[in-house]
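Participant: Residue numbers (our numbering): 16 to 376.
1) Considering only their Cβ atoms, is the gap separating residue 224 from residue 73 smaller than 8 angstroms?
2) Thinking C-beta only, is residue 197 closer than 8 angstroms to residue 257?
3) So residue 192 and residue 322 are in contact, right, with Cβ under 8 angstroms, and what is the actual spacing, rounded?
4) Can you tell me which residues form a DSSP beta bridge with residue 76?
5) Anyone know if the C-beta pair for residue 34 and residue 138 falls short of 8 angstroms?
6) Pick helix, strand or coil for residue 134, following the three-state DSSP scheme.
7) For residue 340, count the other beta carbons within 10 Å of its own beta carbon; 16 or more makes it buried, fewer makes it exposed. Which is it?
8) As a quick exercise: from 298, 45, 39, pick the residue whose alpha carbon is nearest that of residue 344.
9) Quick check on residue 165: does DSSP put it in helix, strand or coil?
10) Which of the three DSSP states, helix, strand or coil, is assigned to residue 100?
11) Nearest-angstrom Cα distance between residue 294 and residue 48?
12) Do residue 40 and residue 133 have their beta-carbon atoms positioned less than 8 angstroms apart in this structure?
13) Looking at the secondary structure, which residues open and close the beta strand (DSSP E) in which residue 333 lies?
14) Are the Cβ atoms of residue 122 and residue 167 separated by less than 8 angstroms?
15) Buried or exposed: which applies to residue 27, given that a residue is buried once 16 or more other Cβ atoms fall within 10 Å of its Cβ?
16) Give the secondary structure of residue 213 by DSSP, where H, G and I count as helix, E and B as strand, and everything else as coil.
17) Comparing C-alpha positions only, which one of 103, 97, 136, 20 sits nearest to residue 66?
18) Let me check understanding here. Comparing Cα to Cα, which of 99, 37, 84, 180 lies closest to residue 157?
19) In the DSSP assignment, the alpha helix (DSSP H) including residue 175 goes from what residue to what residue?
20) Among 68, 62, 91, which one has its Cα closest to the Cα of residue 45?
In structure tokens:
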């Protein structure tokens, strides 16, 4: 097995090369709740990932200002209850503060649930741990020009996909899995199925649960290495506007942080699918032996230790039919709003003031 990438593994250009990612089981779709519960067992028990999963608890909330987000919340809570997910209802500011005393804001209109069996994963450390394990098992990693995929073409007999890289190297493997995150559409024509999107004293906040308001944003406890507190507001805007919305979120739940300077900020690029947050994991209809694995839609990282099993099932033509339908190749399909994140209009970031972009990392 060979893994090729422009960068050394784990790739600094990946959305997963980050401080932390939410781990939750609250989904409106039963399939994702089931998959998340399976993934949690691996995060807890896989020795390779020891120390990468932090079960800090998870607060899942809404505040009644976006009907689609509230509907998603209601569906996720109902589905979680049906699947036996353990959680506690939070119906007052005092209930929220009992779980997270740092939530000193007014919390106007907030209601939610607290799940003690959820939290966050240390993304970068997880990638490094799995990279090291792959190397131990004999996986070959190629980076630089020989790892930077430029294009795909059919073999002369039309039976295989040839992978061509920027330095002229060609690969003709028996099977190809393209999992390039937000960069995937720059390598392969995805027929409009993906949209690149971005997200962007510590001791007091240690051990607080992950706080996720479906309408406003989410917030993690500080990471242990750098003492950085990560706040996020899911919207395609310029950093200036995004900062204003992050600060508005903080002013509601942790007002003492709302005016603090940001010590670090970065763009996190994701590839969203148009199908309401479902992944795109399917065989390419025109390139034989090529499987596309993309459309992570900002919620796939929790499945890091298990999603490979589903890709393997697809490779062996035994993927669960429900998952195959959810993750199918579907160009030209009507875009379905992903109500699992704060609802904001999709904007072209290139048209907005204050954003800078380096063409290549």
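All C-beta atoms, glycine included, are put in the ideal place defined by N, C-alpha and C.
Facilitator: By the coordinates alone:
1) In this structure, residue 73 lies near residue 224, with their beta-carbon atoms less than 8 angstroms apart.
2) No, these two residues do not count as a Cβ contact at 8 angstroms.
3) Actually they are not in contact, since the Cβ atoms of residue 192 and residue 322 sit about 11 angstroms apart, beyond 8 angstroms.
4) DSSP output for residue 76 lists 127, 228 as bridge partner(s).
5) Going by C-beta atoms, residue 34 is nearer than 8 angstroms to residue 138.
6) DSSP, read as helix, strand or coil, puts residue 134 in strand.
7) Exposed, because fewer than 16 other Cβ atoms sit within 10 Å of the Cβ of residue 340.
8) For residue 344, the nearest C-alpha among the options comes from 298.
9) It is a strand residue.
10) Three-state result, residue 100: coil.
11) Looking at the two C-alpha atoms, the distance is approximately 14 angstroms.
12) Result yes, Cβ atoms of residue 133 and residue 40 sit closer than 8 angstroms.
13) That residue, residue 333, is in no beta strand (DSSP E); it is neither H nor E in DSSP.
14) Between residue 122 and residue 167, the C-beta gap is not smaller than 8 angstroms, which leaves the two residues out of contact.
15) With fewer than 16 other Cβ atoms within 10 Å, it is exposed.
16) For residue 213, the predicted structure reports a pLDDT of 47, less than 50, and the residue's modelled location is therefore unreliable. The matter cannot be settled from this model.
17) Residue 66 has its Cα closest to that of 136, out of 103, 97, 136, 20.
18) For residue 157, the nearest C-alpha among the options comes from 180.
19) Residue 175 -> no alpha helix (DSSP H), and no H or E assigned at all.
20) Checked all of 68, 62, 91; the closest Cα to residue 45 is 91.
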